[in-house]
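These notes concern the structure reproduced below.
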Amino acid sequence: MWAIQYDRYGPPDVMRLVEAPDPVAGAGEVLVQVQASGVAPFDVKLRAGALQQHFAPRFPQIPGRDGVGVVVALGAGVVDLAVGDRICLLAPRGSGTAATLIACPRTALVPAPSALTTAEAGALLQPGLSALIAVETAAVSPGMRVLVHGGAGAVGGLMVQLLNHRGAIVSATCRAANRGYVRSLGAQRAIAYDEEDFTRIEPQDVVFDLIGGDVHARSYDVLRDGGQLVYLVAAPFVERSERGITVTRAMVTDRPDVMAAVVQAAADGIWRPGVVGTLPLADIGEAHRRIEAGEVTRGRIVLTL
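Residue numbers (the UniProt record's numbering): 1 to 305.
Spelled out as structure tokens, the structure:
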């Protein structure tokens with residue numbers, strides 16, 4: 001097979017396209033021919049060595065967790081899939097989707113929704129899991145006022161669509177250039193963080209913090225008494241018990257039932273992943289450079305194989 005590998009931390013050019021032995025599907029595994037691989041900020045930070053305190057990848061490392069492909073072989077005990085099935089996958093730790101072939105546990109695969117393009121399906125599971133679990137954590141109901149930070153991003157964009165579907169009154173922060181895009185996803189209000197102060201809007205029932213840092217600290221100012229702040233990234237806990245504010249981290253899981261719910265939401269037309277562009281597998285370094293330079297402000301770049 002052909003795969004992108006890197007054997008040390010460093011800049012994008014540590015990644016190389018190499019020929020490697022074909023993986024084999026063991027018991028309970030499925031061999032997949034990858035058609036597209038989503039590139040996430042996590043991949044960029046991992047390659048740069050910024051996550052060494054939390055993750056210790058084995059070298060050589062193949063990047064990428066999100067992917068879509070076609071089943072080409074079944075390991076012993078896998079009876080509910082067939083060769084030729086189109087599936088979305090979330091690569092387990094130690095594997096990666098930036099390769100022409102990948103062997104995955106059956107539990108890491110779900111049937112790909114026919115409503116999505118190959119690129120969209122390759123950028124669905126990882127942001128979809130974060131978005132769905134965050135919204136479920138907040139128990140959002142119709143009529144609630146919610147603010148999503150980073151509403152144009154891969155996770156935030158899916159979250160805006162889901163919250164709109166559930167009847168929430170959605171505001172979202174984004175760059176000024178992305179206001180129209182965020183409104184097209186279902187936000188009633190798009191707040192340009194490079195031009196406006198989001199704390200001046202009316203009190204919100206829930207704030208979803210996908211940014212952290214100063215944004216996290218200022219988000220308490222826009223919450224109503226008794227409101228809820230749900231965050232995905234590491235952030236300092238700020239005590240606001242005197243106002244009855246609940247602060248909760250959305251604990252993202254790779255459970256198969258949650259993965260199935262993410263795919264079902266796409267099949268039902270509730271959401272579509274944002275794809276800002278596609279690149280060939282060999283150009284993964286360019287994708288990483290664009291993310292590091294802050295040029296990717298909508299959805300994902302997807303590698304096509």
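Virtual Cβ for every residue (Gly too), placed ideally from N, Cα, C.
message = Since Arg290 and Ile301 should fall inside the 8 Å C-beta cutoff, what is the C-beta to C-beta distance between them, to a whole number of angstroms?
response = 7 Å
Span of the beta strand (DSSP E) around Thr248 = Thr246 to Arg249
request  = Pick helix, strand or coil for Tyr220, following the three-state DSSP scheme.
outcome  = helix
key: Assigned exposure category for Met144 - 16 Cβ within 10 Å defines buried   = buried
task = Tell me whether His216 is buried or exposed, calling it buried when 16 or more other Cβ atoms sit within 10 Å of its Cβ.
result = buried
query = What residue does the beta strand (DSSP E) around Pro111 start on, and which one ends it?
reply = Leu109 to Pro111
key: Whole-angstrom distance between Met159 and Val135, CA atom to CA atom   = 7 Å
request  = Can you give me the Cβ contacts of Ile270 inside the same chain, cut-off strictly under 8 Å, excluding the 5 residues immediately before and after it?
outcome  = Gln161, Leu162 and His165
ask   = I think Leu129 touches Met259, with their Cβ atoms under 8 Å apart; what is that distance to the nearest whole Å?
value = 7 Å
inquiry  = Gly151 and Ala190 - do their beta-carbons sit closer together than 8 Å?
reply    = yes
Span of the alpha helix (DSSP H), counted from its first residue to its last, around Gln53 = Looking at the DSSP string, Gln53 is not in any alpha helix (DSSP H), and its letter there is neither H nor E.
task = Quick one: grab the DSSP three-state call for Val276.
result = strand
task = Reducing DSSP to helix, strand and coil, say where Tyr6 ends up.
result = strand
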